[in-house]
Structure formats: structure tokens, C-alpha cells
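A short write-up of the structure that comes next.
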Amino acid sequence: MVTLEKRPSPSRFWSAATPVVAVALTMLAGGVMFALLGKNPAEAIRTIFWDPLFGEFAWYLRGQLLVKAGPLILIAIGLSLGFRAGIWNIGAEGQYIMGAIFGASVGLAVFPTDNRLIFPAMIIAGAFGGWLWGMIPAILKTRFNTNEILVSLMLVYVAEKILSKAALGFLRNPEGAGFPGSRNFNSYPAAANPELIAGTGMHWGVVMAFIAVIFAYILLQRHILGFQIKLAGQAPRAARFHGVNPQRMVVLCLGISGACAGLAGVFEVTGPAGQISIDFNVGYGFTAIIVAFLGRLNPVGILLAGLLMALTYIGGEMASTNLGLPAAAIQAFQGMLLFFLLAVDVMTNYRIRLFTKGAA
5 MVTLEKRPSP SRFWSAATPV VAVALTMLAG GVMFALLGKN PAEAIRTIFW
55 DPLFGEFAWY LRGQLLVKAG PLILIAIGLS LGFRAGIWNI GAEGQYIMGA
105 IFGASVGLAV FPTDNRLIFP AMIIAGAFGG WLWGMIPAIL KTRFNTNEIL
155 VSLMLVYVAE KILSKAALGF LRNPEGAGFP GSRNFNSYPA AANPELIAGT
205 GMHWGVVMAF IAVIFAYILL QRHILGFQIK LAGQAPRAAR FHGVNPQRMV
255 VLCLGISGAC AGLAGVFEVT GPAGQISIDF NVGYGFTAII VAFLGRLNPV
305 GILLAGLLMA LTYIGGEMAS TNLGLPAAAI QAFQGMLLFF LLAVDVMTNY
355 RIRLFTKGAA
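Using this note's numbering, the first residue of the sequence shown is number 5, and each one after it goes up by one.
This is the structure in C-alpha cells:
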């Protein structure tokens, strides 16, 4: 008989090994899935993980790596602070959408003004939009003790409806011949977010993601607030005795995570996406949850996990195009990563015990 036995203290080995083991198991299970779909599993895995870095078009795809990783890292950093404090924001996708809408609205409201302050104003508006959307579950949690998981998740669908209204209505390009979508920010220099170094994919959103990693590391390692965040998640009762106000912690963490998601949204709409459209959101807010846990809620780990997840995005698109793999299979492959991560993470706090029949 197999049982799980609680460890006296968390295993440091499994805490460090969990992401590596989860990635390896994902490759194995993904290979089986690809084989069942009639594809060569080795070729599929190589296309996803090897070709974007060392293949024929790697010189171009490496730049796309930062484009995809930037929003994932930025959103995941915000989420990780809340997760560490035991505050579960599952609605970053909605906050990402609202950040894009708020930021785009500011830029389009003054079109075609050419002023260097427009882009900074859009960034502030985007952060405010994400923060505001994060405050809804925060206020409901602190005032009425609602579940922030359900509220933040349900608000994603509200944000998607607002996005549709924006693309078809109040932000639609009046010169777009009736087609949905806003003006393209790439042709609006004062509000554009172009590459800072040609061919690298580095834009202001990527820079902000790196700044967020550094800020979060300093906060968690060197600041009293970081200590309070970790204490609130590990020992809530001890945190209260230490003077940590649970309600303030909810507002703070949901506000920070919402603002980070909003920033990711405005940097995306002014850069890679280029415009508000019906299909603007591509799941970054949900994928960032996987990135946060794959990185062990550690800023440096999240940086590496964001690059890895971006690799699966780019490699997955290549596999869909070159090998004919369905997009749903790629999404399932990414979902396997979270599944195995959570499954293997059990070993951090538990060990497997084997008992034979008749043993005492």
C-alpha cells in the first residue's frame, strides 16, 4: 500500500527540483499525446523547445522570445506577491484587458496630437485601469468577505464584454471602413511602443518586466513589507500578532497585481498587438499563473519561467504551422506543465511510504 507521510519540514531538494521534474514529465506526457495525434513526438518536442533557439529562423524568433515573455513576467510578478500572502487573484486576464482599454483610451482621446507626454500618460492610465479592476474583488473581500478567486475570475468575462464594446464601438477606428478595432498605435508615433534595439524584441514593456523582477526581489529580501507578505501567507495568526492588517494586505496585493497586469496590457496594445481588437487578449493573465508557480513565486525563478513559457508559445506556433498540430493540443501541453508542477510539488511537504500487507 502506498501512503503519503507528512514531512517534519519542507524538503529543500524537492522545492528546487520540482520545476525541473515537472518540465521533464510534461515533455514525456506531451510526447505521448503528440504520438496519439499521429505526429512524431521527438520532432514535435524539438520544434517546440529547440528550433526557436537554434533552428533556421532562430535569429528572428529569439527576438520574439522577449516579446512573449515580457507580459508574462510582469503579470506573474504581481500575482506572486499576492500568492505568497495567501491572496488568490485569478483575474489578471481581466485586469490586463482593462489596462489596455484605459491606456488606449487616453492615447486615442488626443489623437493625432504629437506630445511626448502622451505615452507616459497612457502608461499611468493603464496601471490605473488594472489597479481599479483589482480593487473590485479587494473591496468585496474586505467589506463583505466574498471569495476573491470567484470574483476576480468572473470579472474577466465582464472585461471581455467591455473589450468587445470598445473594439466595435467607442474605440473603433472611424477611418477603418466599419471594421472592428481601434487605430493602429504603430502609426501613431506619440503613443507607440516600438523596439528599443532593432531585432531584439526589447520594448518598454520588457524593460518594465525586468524592473519588476528587481523591485520584487529587493522587496521580498530586504524590505519589512516583503517580510510581512511572506509571514501573512505562511503563518496568518503570527502575522496578526506582528501587526499585519489582513484587510490592508488584501488591498495592497490585489492592487499591485492589478496594476502590473494593467501595465502589461497597455505595453502590449501600444507595441506588439498595436491596437484594441476583439481578440486582443490571448490568455497572458491565465498563463502567468503557471509562470508564477513554475518560478516558485521567486522573482528570479519567474524570470526564467517566463522565458520558458514564451518558448512554448513560439515553439507551439511553429509546431502548429509546420507539423499541423492543433492549437488545442499546444494549450493542453502548456496545461500539463501546471498539472505536473502541482502534482510533483506534493513531494515538498510529503514523502511516499510503501507498506506491505501484514506490516505493523
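Yeah, the Cβ is synthetic: ideal placement off N, Cα and C, and Gly gets one too.
Under 8 Å between C-beta atoms of residue i and residue j
| i | j | result |
| --- | --- | --- |
| L167 | A108 | no |
| G320 | A309 | no |
| A314 | K72 | yes |
| G230 | G67 | no |
| A80 | I306 | yes |
| F271 | M351 | no |
| N190 | W208 | no |
| G237 | A89 | yes |
| L258 | I91 | yes |
When the options are compared against residue i, the one with the closest alpha-carbon
| i | options | result |
| --- | --- | --- |
| H246 | D55, I233, R226 and Q335 | I233 |
| G34 | V273, L315 and Q338 | Q338 |
| L129 | G289, L85, V304 and G111 | What sits at residue 129 in the sequence shown is Ala, not Leu. Here the closest residue by C-alpha is G111. |
| G95 | R357, V348, E60 and G134 | G134 |
| T146 | R50, A333, L256 and V24 | L256 |
| A331 | F359, D349, M5 and V286 | V286 |
| Y192 | N302, R16, V155 and R120 | R120 |
| F58 | N188, I318 and I122 | I318 |
| E199 | A131, M31 and G74 | G74 |
Outcome for residue i when other beta-carbon atoms lying within 10 angstroms are tallied against a minimum of 16
| i | result |
| --- | --- |
| Y161 | exposed |
| I52 | buried |
| T291 | buried |
| P23 | buried |
| E179 | exposed |
| A347 | exposed |
| Y64 | exposed |
| G205 | buried |
| W54 | exposed |
| M102 | buried |
| M322 | buried |
| R187 | buried |
Which of helix, strand or coil DSSP assigns to residue i
| i | result |
| --- | --- |
| I201 | coil |
| A364 | Note that A364 has pLDDT 48, beneath the 50 cutoff, so the model's placement of it is unreliable and no number is given. |
| T356 | Residue 356 is actually Ile in this sequence, not Thr. If DSSP states are grouped into helix, strand and coil, I356 belongs with the strands. |
| T43 | Here residue 43 is Lys; the residue named in the question, Thr, does not match the sequence. DSSP places K43 in coil when its eight states are reduced to three. |
| G310 | helix |
| E164 | helix |
| E179 | coil |
| L315 | helix |
| L301 | coil |
| T30 | helix |
| T7 | strand |
| Q279 | coil |
| G21 | The question names Gly, yet the displayed sequence has Ala at residue 21. Residue state, collapsed to three classes: helix. |
| P14 | coil |
| M212 | helix |
| G130 | helix |
| L327 | helix |
| M206 | coil |
Assumed close pair residue i, residue j - CB separation to whole angstroms, cut-off 8 Å
| i | j | result |
| --- | --- | --- |
| W137 | A163 | 7 Å |
| E9 | R357 | 5 Å |
| P184 | I282 | 6 Å |
| G275 | Q99 | 18 Å between Cβ atoms; not a contact. |
Chain B contact for residue i (CB, 8 Å cutoff)
| i | result |
| --- | --- |
| F38 | Absence of chain B from the displayed structure is noted, only one protein chain being present. |
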